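Colleague: Let me begin by handing over the structure; questions about it come next.
In the UniProt record's numbering, the protein residues as written are 1 to 1237.
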């Protein structure tokens, strides 16, 4: 049972894969974010006008995303015989030995599962000497020719899944005679493969898998390390890295060079293997096999200190990248130890299909090139070249978790610690190529080149478009750094947002709320600040439950009920409108506010925008009869402002002078009719009247509105909602989006009948394109066929079709609003890839996920008011504001439906409370923004903050710090955030140690790195660091808390203090110790140029203790604190001399990860990282601590908190395996030392 709501989905990319998935010619990127699968397409955005770029910029566009019921451990592409889309399939591996084969289904515009394989009940995993599957890693690899896949699980088990390919013996068989039982027995001969396979597709894609122990390949494979399928083999062939004894750095003198690399070829019919080659005595720190495609071929073995290449004949070439490569291995390798690279956890990806250059990203995030020296098809050497920062070597700030080669000089680097980046590169031109004879003469004149260097020149001469490496004046080759920078310049094309890993969170007060000081103390004005990132990518992520608009100006208007904004060119400039010479400064921006004077009368007040001010503008011809305004829009091409009133339509020129009046009532029958809703898209105006009939107006070349004669169906049908949409993509109309000149046929009219059927017409010929049935059922897919299961029906109020997206990508969506203000979002799609003459006969709408429900009014009076506003002000289309096209919902729960290029449509709440109306607003001084009318009759000129990310239902603002943020706390007294940060420094052994005099003679220059911590004060007004406090070397910040402590034993005065707990960790053979710091954030004289620097940390107390301080909490009612130090929890009080006096203690288990008090009660939870959870109490008379209950399951607790509910006490626990537990303390139970789950 899921008893929680996910606020934000996983954002870190764990795995990535590039393949043609949606169609045969598509270029898709599939990423896995732990338990979320996303499918992207690459869109090449053309160069913008006035930009210096000669070619377009590739951008990632999200197609679909899915929440998966499991944790993805690997992704591989598989080319199957017959897929529904014509593209390739994806094989996903999950934890606990599960596989799933999926493909793209164009008929549903989503993925569908071909087969599921799970091996968790395999007999080979029941051995008492084998760890559980959840504790074991897994390796998935697919043959480059997609003949089979191997899945290594449970340490020594190998599952093999054969695929059918054209020309193989399996496909030539008659599969019509095979039945499900025969396939099942065929797969269970050597293992228990529990599969769920669709019979109709299993016969054409794959046969049942089988499980073999690795010892069946070779009895010496006892400790497998890594494996991968190799290229350019006629049969499925993979290389495996293993050892006969477990590798160990501590036993390196005994287990040096004990790793083997062996290549096996598989016979799928006989279920046998053949050893092709074996390389022994490889370095013991090798951990990964990377198969290399042509022209290099073979495999690259990656170790912590070296790179080893093994070709198809077993020939090896190696290079050491730090000075430890010679010490840990006797393997022959080229020395490049001056690079000082650490290769643990690095990612390797190819750069091109034509050459063998590789991109290597170590855990520091630096970009490194790996180049192979080729002698024909034989590799004669490896060289490593770091990319300098001026060539893009510092684009990546942290370690990469995955990579994908996308072709066309593009590589995607996924990361769990920072934003994932779409990386591109170019090869700079370095002049014309020297002739061969000239190059030879230069080599002879220098006289210093070896045969190796001459063969390297031959490599460049074999390529017509290669550039010969430059030769310096002294005849020497450029350095490794310079040679790498000549060949590639890297740049960033796009990135995917990541706020992980989140190590600590704090709640603080927002300074940018719309309500200002009036809303102070409201929970809605709180912001959630989390420490995000790792190493150099560290920073803060400021998350808010809604969008806070930046208010530029405000003005109160009594009795205001609605607001509109209109932008038209000045009358004198209207003549030159066809020459596109009219700038934004030559346009007049008007704001119209409707003020209700009675139940059926409204007064329109007009303002002209001057800078950021709203100046009253006299427009005597603007609604002189005080009729109720339904809508106001602009016909941009005709330079007209159109006001739709209930009884008439008034058209104005650029100075709001009356140009035309068109009555809404029927001239033929003289029946009085009223307009109730409208839709305006240049040059059409669609109006629904109170008798549910449609009035369609069209603007001619002079700007005058004329009624369009409707056909019989349009004129006689009863409609409840209408919407005009200009089809840019061509998905609704037959006009292609690539046409040079758009015609009026691209205009589409959407009409909903009283029985909730949606009719789509094309204008101006009024041709019916399609009819959508059962709209009020809100099924997962809307189509021309009625839904089969229509159990519930919604009362619908409005349908709107508009573009949703950002600057890079926008797409039409159907938004349906119910009478209860629920919103349903649908995406149109054509459920077939075959070209037909009438594609709209198969037009479907796919429902997007929307988990945000509207807020219900607290009182009857508020509810009636909100219903009245919603009826008068429908959904507002907001197009191209700060690059975003969205739709706004007014009322008691206002917000936007927003979509970005890397996210699906989602509802984003608007902070600030009730909103009556909103309209697009644009001036040269303010830029693009909004005019917002709130419930108090205040008109706000506001805009979207530029540094806020709108990819999720919470707004996210990333604040880079440049260091890893481990802990943070909010100082409520000063309004500042105090961070515990750390950065990498080199660790050197102390030379003055008397017990180890040999440390003085240490000769290494490649020192290990440790984290050095410091405290920083960040101002939320500017999000900059205003003060820092550097801690001692090898001292780590373990806890930072804001507490109300007693600072005087005499006056019992209490103040908000920042308490910091640290740990000194110098090694496993030296006992750790800690320290407790007490700081006060005081006010000081700021820097005149930086007024935010008016706060500083002042050290109040410091108490060194035995054992590391791992957790802190306030406890009791006297202003004391409890400190988890080592294997004790001690209650301490702050004395006036700055020391911390212990008053009570309790012995605890191994490592206390959490200490929290139920505020003001003295009851606290003490969570251990190994031994589970304790529930204890603290009493003040006398001072003592008592154990009430404990959890006997020994959970590995990482986080815990109280969940009180009335007179019941619940405790929420998160363990190391990402599981949530809810425990209840039951004092009346059988045993008071137990929790119940």
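Glycine residues also receive a C-beta, built at the ideal position from the N, C-alpha and C atoms. No experiment lies behind these values; they were computed from the predicted model shown.
Report yes if the CB atom of residue 43 is closer than 8 Å to the CB atom of residue 808, and no otherwise.
Modeller: Mapped onto the chain shown, residue 43 falls at position 43. Mapped onto the chain shown, residue 808 falls at position 808. Closer than 8 Å, so yes.
Colleague: In chain order, what residues of the same chain lie with their CB nearer than 8 Å to the CB of residue 323, ignoring the 5 residues before and after it?
Modeller: Counted from its first residue, the chain shown places residue 323 at position 323. Cβ within range, chain order: 337, 340, 1004, 1005 and 1006.
Colleague: Ends of the beta strand (DSSP E) at residue 1048?
Modeller: The residue given as residue 1048 occupies position 1048 in the chain shown. From DSSP, residue 1048 is part of no beta strand (DSSP E); its letter is neither H nor E.
Colleague: Using the DSSP secondary-structure output, state which residues sit across from residue 756 in a beta bridge.
Modeller: Position 756 of the chain shown, counting from 1, holds the residue named residue 756. BP columns for residue 756 are empty, so no partner.
Colleague: Take the Cβ of residue 74 as the centre, count every other Cβ of all protein chains shown within 10 Å, and call the residue buried at 16 or more, exposed below.
Modeller: Position 74 of the chain shown holds residue 74. Result: buried.
Colleague: Roughly how far, in whole angstroms, is the beta-carbon of residue 878 from the beta-carbon of residue 888, given that I think they are within contact range, below 8 Å?
Modeller: Residue mapping note: residue 878 aligns to position 878 of the chain shown, counting from 1. Residue mapping note: residue 888 aligns to position 888 of the chain shown, counting from 1. Confirmed, Cβ separation roughly 6 Å.
Colleague: For residue 876 versus residue 904, is the C-beta distance shorter than 8 Å?
Modeller: Along the chain shown, read from residue 1 onward, the residue named residue 876 stands at position 876. Along the chain shown, read from residue 1 onward, the residue named residue 904 stands at position 904. It is not a contact, given that the beta carbons lie outside the stated cut-off.
Colleague: So for residue 997, helix, strand or coil by DSSP?
Modeller: Mapped onto the chain shown, residue 997 falls at position 997. Three-state DSSP puts residue 997 in a helix.
Colleague: Are the stretch 942-960 and the stretch 984-1001 touching by the rule of at least three beta carbon pairs closer than 8 Å?
Modeller: Verdict: no, contact absent.
Colleague: DSSP three-state call for residue 766: helix, strand or coil?
Modeller: The residue you call residue 766 lines up with position 766 of the chain shown. Residue state, collapsed to three classes: coil.
Colleague: Cβ of residue 101 within 8 Å of Cβ of residue 93?
Modeller: Here residue 101 refers to the residue found at position 101 when the chain shown is read from its first residue. Here residue 93 refers to the residue found at position 93 when the chain shown is read from its first residue. Not in contact: residue 101 and residue 93 (Cβ atoms no closer than 8 Å).
Colleague: On the three-pair Cβ rule with 8 Å, is the stretch 1017-1031 touching the stretch 971-982?
Modeller: Enough Cβ pairs lie closer than 8 Å, so yes.
Colleague: Among the residues of its own chain, which have a CB less than 6 Å from the CB of residue 961, if the five just before and after it don't count?
Modeller: Along the chain shown, read from residue 1 onward, the residue named residue 961 stands at position 961. Within the same chain, residue 961 has close Cβ partners 538 and 539.
Colleague: Can you find the residues in the same chain that come closer than 7 Å, C-beta to C-beta, to residue 686, ignoring five residues on each side of it along the sequence?
Modeller: Counted from its first residue, the chain shown places residue 686 at position 686. 678, 679, 694, 696, 722, 724 and 749, listed in sequence order.
Colleague: For the beta strand (DSSP E) that contains residue 799, what are its first and last residues?
Modeller: Residue numbering aside, residue 799 sits at position 799 when the chain shown is read from its first letter. It spans 796-805 - the beta strand (DSSP E) in which residue 799 sits, taken as one unbroken run.
Colleague: Hey, would you say residue 263 sits closer than 8 Å to residue 243, going by beta carbons?
Modeller: As a position in the chain shown, residue 263 is number 263, starting the count at 1. As a position in the chain shown, residue 243 is number 243, starting the count at 1. No, the pair does not count as a contact, with Cβ atoms beyond the cut-off.
Colleague: Run through the stretch 966-1048 for me and flag every whole alpha helix (DSSP H) of 4 or more residues, listed as ranges in chain order.
Modeller: If we require 4 residues or more, the stretch 966-1048 turns out to have no alpha helix (DSSP H) run fully inside it.
Colleague: List the residues that DSSP assigns as beta-bridge partners of residue 274.
Modeller: Mapped onto the chain shown, residue 274 falls at position 274. According to DSSP, which records beta bridges pairwise, residue 274 is partnered with 265.
Colleague: If you draw a straight line from the C-alpha of residue 166 to the C-alpha of residue 967, how long is it?
Modeller: One-based indexing of the chain shown puts residue 166 at position 166. One-based indexing of the chain shown puts residue 967 at position 967. Each residue's alpha carbon lies about 57 Å from the other.
Colleague: State the start and end residues of the unbroken beta strand (DSSP E) segment that holds residue 316.
Modeller: Translated into the one-based positions of the chain shown, residue 316 becomes position 316. Unbroken beta strand (DSSP E) run through residue 316: 316-320.
Colleague: Return the residue from the list 1093, 265, 95 and 1042 that minimises the CA-CA distance to residue 1275.
Modeller: Since the first residue of the chain shown is 1 and the last is 1237, residue 1275 is not available in this structure.
Colleague: Count the CB pairs spanning the stretch 281-295 and the stretch 231-245 that are closer than 8 Å, and state whether there are at least three.
Modeller: Yes, the stretch 281-295 touches the stretch 231-245.
Colleague: If we call anything under 8 Å between Cβ atoms a contact, is residue 286 one with residue 308?
Modeller: By one-based count along the chain shown, residue 286 stands at place 286. By one-based count along the chain shown, residue 308 stands at place 308. Yes, the Cβ-Cβ distance between residue 286 and residue 308 is below 8 Å.
Colleague: Three-state secondary structure (DSSP) at residue 1068?
Modeller: For the purposes of this step, residue 1068 is taken as the residue at position 1068 of the chain shown. Residue 1068: coil per DSSP, three-state reduction.
Colleague: Is the number of C-beta pairs between the stretch 1188-1201 and the stretch 1215-1226 that are closer than 8 Å three or more?
Modeller: Yes, they touch.
Colleague: Kindly indicate the opening and closing residues of the alpha helix (DSSP H) around residue 418.
Modeller: Here residue 418 refers to the residue found at position 418 of the chain shown. From DSSP, residue 418 is part of no alpha helix (DSSP H); its letter is neither H nor E.
Colleague: To which residues of the same chain is residue 803 closer than 6 Å at the C-beta, ignoring the five residues directly before and after it?
Modeller: Position 803 of the chain shown, counted from the start, is the residue given in the question as residue 803. Same-chain partners within the cutoff: 810, 812 and 885.
Colleague: Whether or not the stretch 363-372 and the stretch 491-504 are in contact is what I'm after, with contact meaning three or more pairs of Cβ atoms, one per stretch, closer than 8 Å; do they touch?
Modeller: No: the two stretches stay apart, fewer than three of their Cβ pairs being nearer than 8 Å.
Colleague: Please state whether the Cβ-Cβ distance between residue 160 and residue 19 is less than 8 Å.
Modeller: Walking along the chain shown from the start, residue 160 turns up at place 160. Walking along the chain shown from the start, residue 19 turns up at place 19. Not a contact, by the Cβ cut-off of 8 Å.
Colleague: Do residue 746 and residue 404 count as a contact pair if the criterion is CB distance below 8 Å?
Modeller: In the chain shown, the residue the question calls residue 404 occupies position 404. In the chain shown, the residue the question calls residue 746 occupies position 746. Cβ atoms of residue 404 and residue 746: not closer than 8 Å.
Colleague: So the alpha helix (DSSP H) residue 326 belongs to, where does it begin and stop?
Modeller: Sequence index remark: in the chain shown, residue 326 carries index 326 (1-based). From DSSP, the alpha helix (DSSP H) with residue 326 extends over 324-328.
Colleague: Output the distance between the C-alpha atoms of residue 40 and residue 942, rounded to the nearest integer angstrom.
Modeller: In the chain shown, the residue the question calls residue 40 occupies position 40. In the chain shown, the residue the question calls residue 942 occupies position 942. When rounded, the distance between both Cα atoms is 33 Å.
Colleague: Name the one or two DSSP bridge partners that residue 206 has.
Modeller: The residue given as residue 206 occupies position 206 in the chain shown. DSSP lists 163 as partners of residue 206.
Colleague: Rounded to whole angstroms, how far is the Cβ of residue 1112 from the Cβ of residue 1123, which I believe are closer than 8 Å?
Modeller: Against the chain shown, residue 1112 aligns to sequence position 1112. Against the chain shown, residue 1123 aligns to sequence position 1123. The pair is a contact, with the Cβ atoms about 6 Å apart (cut-off 8 Å).
Colleague: What would DSSP say about residue 1170, mapped onto helix, strand or coil?
Modeller: For the purposes of this step, residue 1170 is taken as the residue at position 1170 of the chain shown. Three-state DSSP puts residue 1170 in coil, outside helix and strand.
Colleague: Under 8 Å between the Cβ atoms of residue 1130 and residue 1178?
Modeller: Residue numbering aside, residue 1130 sits at position 1130 when the chain shown is read from its first letter. Residue numbering aside, residue 1178 sits at position 1178 when the chain shown is read from its first letter. Cβ atoms of residue 1130 and residue 1178: not closer than 8 Å.
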